[in-house]
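What follows is a single structure, written as structure tokens, with notes after it.
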Amino acid sequence: MKLVNQAVILAAGECSRFFPFTRRQHKSDFIIAGKPIISRTIEALDRVGITKIEVIQSPQDDQSLQNTFASYTPSHISVRFYTQQEPIGTGNAVIQALPNLENRFLVINPQQINVDEHLKNLDKHQDLLASPDNLIMFSKTTTNPSRYGIFALEGQRVTKIIEKPTDLTGLSNQRNVGVYLLTKDFVNFMNTLPPTEFQLIEAFDNYLQNHPVYAVEVEETSLTLKYAWDLFGINKHIQKGNFYIAPDVKIGPNCKIGPNVNIESGCILENVTLNNSLIGKNTIIKSGVISDSIIGNNCQIGTNFITQTHNPDNTPIQTIIKNKPVSTGMLSFGILIGDNSIIEDNCTSLPGSVLAPDSHISQGSLISLEAL
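Under full-length UniProt numbering, the residue at position 222 of the sequence shown is numbered 222, and the numbers go up by one with no gaps.
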């Protein structure tokens with residue numbers, strides 16, 4: 001059963017937290033296994049019968065998204081672009097497409113390459129689709145409710161939504177995964193509210209007082225793309241324990257390539273052990289052991305480069321983003337290296353290190369958070 005014809009993709013907002021791979025493009029244009037992440041989302045939408053895509057982008061975006069859609073969208077799918085002038089939340093982003101919205105449509109984020117798997121969960125809940133006025137929010141069990149929007153539920157009906165709650169009284173263990181089936185009537189209602197960061201959640205919380213809003217739980221992985229290390233989860237979903245090496249990559253005879261490794265075109269690896277890492281285009285690595293790391297395009301790394309990946313007390317790795325400490329939530333995490341960087345021979349990086357694009361690290365250096 002075809003659900004809807006139309007999908008809204010929310011590709012606006014700041015990408016500054018995606019450092020050091022902010023580049024002049026949207027973060028969903030990051031290349032994994034030879035093509036942009038968002039191209040796989042287009043494929044997933046095609047699989048569920050979407051024929052119209054509305055893309056919300058920020059004014060800072062250049063033509064990268066348009067070029068990606070031009071290259072990867074099938075001819076039977078139409079695409080329109082809208083600019084959200086200020087990054088004031090997902091609700092305001094959806095409103096940008098209001099003049100062209102159909103009565104019911106899908107809303108997703110650009111990294112949700114498995115949205116077709118999420119939608120299959122509706123096969124068990126056809127009753128929720130009986131009324132064209134029902135809103136559906138997809139949810140997933142969480143053990144960290146303070147990080148998400150959390151639902152209060154009566155059966156499947158949503159009675160309240162609290163963003164990042166500290167008091168869990170009356171709330172379920174179901175978090176918002178950012179996939180919605182909405183109606184134009186709901187967006188018209190949302191448009192009467194003041195534009196804020198949480199306009200969408202506030203609109204839901206008001207609308208559900210008099211209208212049916214339902215939660216459908218998904219078991220599949222819910223992919224996020226806020227920080228650069230979120231690429232590990234997307235890459236793992238794509239690789240499924242295998243690895244990707246572009247056809248023109250030159251691999252030395254003593255290289256060891258582990259699972260969930262991604263190596264893009266033009267790379268030269270001479271004597272390297274790689275585990276759970278992503279290597280960008282045209283990067284050269286002489287030798288070393290690199291794990292749980294992401295290296296950008298056009299980097300040069302010398303001999304005997306070692307990435308340390310664990311804290312001595314086995315606590316989650318912290319790093320620095322926008323001059324503030326941020327927990328990655330990962331127990332094993334190496335380094336993020338921005339494009340066009342050079343690391344000379346015999347260097348070691350401590351867990352959670354981040355190098356800005358165009359960095360130059362001299363021979364024998366210890367790369368640490370304090371040195372960034």
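Each residue gets a CB set at the ideal place from its N, CA and C atoms; glycine is no exception.
In this text, all values refer to a predicted model and were calculated from it rather than measured experimentally.
Judging by CA-CA distance, which residue of the options is the nearest neighbour of residue i?
i           : options                           : result
Arg80       : Val249, Ala7, Ile162 and His310   : Ala7
Leu129      : Ser139, Thr183 and Asn176         : Thr183
Ala12       : Gln25, Val4 and Thr41             : Gln25
Pro110      : Gly155, Ile53 and Val261          : Ile53
Thr141      : Leu135, Ile150, Asn134 and Asp133 : Ile150
Lys35       : Val4, Arg17 and Asn67             : Asn67
Phe30       : Ser139, Cys299 and Glu264         : Glu264
Asn276      : Leu331, Ile285, Val115 and Pro259 : Pro259
Pro194      : Asn282, Asp123 and Asn92          : Asn92
Val354      : Leu369, His76, Ala70 and Thr273   : Leu369
Leu274      : Phe305, Asn282 and Arg23          : Phe305
residue 381 : Gly296, Lys286 and Phe204         : A query on residue 381 cannot be resolved here, the shown segment of the chain reaching from 1 to 372 and no further.
DSSP on residue i, reduced to helix/strand/coil?
i      : result
Ala371 : Bear in mind that the predicted position of Ala371 carries a pLDDT of just 49, short of 50, making it too unreliable to give a figure here.
Ile42  : helix
Thr83  : strand
Gly91  : helix
Val187 : helix
Asn260 : coil
Ser16  : helix
Val48  : coil
Ala7   : strand
Leu119 : helix
Pro36  : strand
Leu223 : coil
Arg231 : Inspection of the sequence shows that residue 231 is occupied by Leu rather than by Arg. Residue state, collapsed to three classes: helix.
Lys2   : coil
Ile238 : helix
Gln60  : coil
Across which residues does DSSP place residue i in a beta bridge pair?
i           : result
Asn176      : Ser139
Val249      : Val249 is not bridged to any residue.
Gln66       : According to DSSP, Gln66 bridges with nothing at all.
residue 374 : Outside the shown range of the chain (1 to 372) lies residue 374, about which nothing can therefore be said.
Ala203      : According to DSSP, which records beta bridges pairwise, Ala203 is partnered with nothing at all.
Gln112      : According to DSSP, Gln112 bridges with nothing at all.
Glu217      : Ser139
Thr307      : Ser349
Are the Cβ atoms of residue i and residue j separated by less than 9 angstroms?
i           : j      : result
Glu280      : Ile320 : Strictly speaking, residue 280 in this sequence is Gly, with Glu absent from that position. No, Cβ-Cβ distance for Gly280 and Ile320 is not below 9 angstroms.
Ser291      : Leu336 : no
Tyr227      : Ile32  : no
Gly49       : Gln112 : no
Pro357      : Pro20  : yes
Val218      : Ile136 : no
residue 376 : Thr169 : Limits of the chain in this structure are 1 at one end and 372 at the other, which puts residue 376 out of reach.
Met330      : Phe189 : no
Leu181      : Gly89  : no
Gln363      : Asn346 : yes
Ile38       : Leu65  : yes
Ile268      : Val249 : yes
inquiry  = Please give me, in chain order, every unbroken run of the beta strand (DSSP E) with length at least 3 that falls completely inside the segment 319 to 365.
reply    = 324 to 327, 335 to 337 and 353 to 355
task = Please specify which runs of the alpha helix (DSSP H), each continuous and at least 4 residues long, are wholly inside the segment 268 to 298, giving them in chain order.
result = none
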